[in-house]
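Note sheet for the following structure.
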Amino acid sequence: MKKLDLQLFAEAVQGKRLVYLYRVLSKAGTTAGATLAFTTENERTKSKDADTTETKDGSIRTPGAAEMEITATSILSVGDTLIDDLEKAMDKDELIEIWEANLSEPADAGDNKFKGMYFQGYITELSKSSPSDGFVEVSLTFGINGSGAAGDVTVTTEQQEVANYVFKDTTKQGA
């Protein structure tokens, strides 16, 4: 029997299809998670330090606790209230909720549900860069508590438009 290399049929996930949504935890009763406007890059990093003990037979490595950070970089949008809310939350040491959703992997749970992860953490760094020949760029770093939880993430059609154009017909839209 001939074996097939299934990797030949694998489809790569484009970066714009992995989206992040944010919410200040204290606003969970009144506010839905939201994407940052004009996101240019996100990154989730997991690292673990290890102690080394020298022995007569060679070194032994003892792993430490895993640490996780999530970073986001976006172009500042005029009137962006999410960035303002996140900066205020940083000043007040408020907990932030973060969802990572893979729009290339719809969940079996139903419409607008995608494979994803849920995290909580604190903003550890916020910077705004304003070059004279470009747009204002906002960079955020979140220090994550624990390792997160896998699950299905709801991403509305409007939020999906951030990652991809959604077809619209030629008829009138709205009233």
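Under our numbering, the first residue of the sequence shown is numbered 12, with each subsequent residue one higher.
C-beta: ideal position from N, C-alpha, C; glycine also.
Report task. Starting from Lys99, follow the alpha helix (DSSP H) in both directions and report where the run begins and ends. Result -> Walking along the sequence shown from the start, residue 99 turns up at place 88. It spans Thr92 to Asp102 - the alpha helix (DSSP H) in which Lys99 sits, taken as one unbroken run.
Run the CB neighbour count on Ile71, radius 10 Å, all protein chains shown included, and call it buried at 16 or more, exposed below.
Locating residue 71 in the sequence shown gives position 60, where the first residue counts as 1. Its Cβ having fewer than 16 others within 10 Å, Ile71 is exposed.
**Asked** Around the Cβ of Leu36, are there at least 16 other Cβ atoms within 10 angstroms (buried) or fewer (exposed)?
**Response** In the sequence shown, the residue the question calls residue 36 occupies position 25. So Leu36 counts as exposed.
Cβ-based neighbour list, Thr135, same chain, cut-off 6 Å, excluding 5 preceding and 5 following: Here residue 135 refers to the residue found at position 124 of the sequence shown. Within the same chain, Thr135 has close Cβ partners Thr152 and Gly154.
Are the Cβ atoms of Phe125 and Val164 separated by less than 7 Å? Position 114 of the sequence shown, counted from the start, is the residue given in the question as residue 125. Position 153 of the sequence shown, counted from the start, is the residue given in the question as residue 164. A contact, by the Cβ cut-off of 7 Å.
So, under 8 Å CB-CB, Val147 and Ser141 are touching, yes? Tell me the CB distance rounded to an integer number of Å. Numbered from 1 along the sequence shown, position 136 holds the residue referred to as residue 147. Numbered from 1 along the sequence shown, position 130 holds the residue referred to as residue 141. Confirmed, Cβ separation roughly 5 Å.
Using the rule of at least 16 other Cβ atoms within 10 Å of the residue's Cβ for burial, across every protein chain shown, is Ala83 buried or exposed? To locate residue 83, count along the sequence shown from 1; it is residue 72. Flag for Ala83 reads buried.
| query | Between which two residues does the beta strand (DSSP E) harbouring Leu114 extend? | reply | Taking the first residue of the sequence shown as 1, we reach residue 114 at position 103. Taken as a continuous stretch (DSSP letters only), the beta strand (DSSP E) holding Leu114 covers Ile107 to Pro117.
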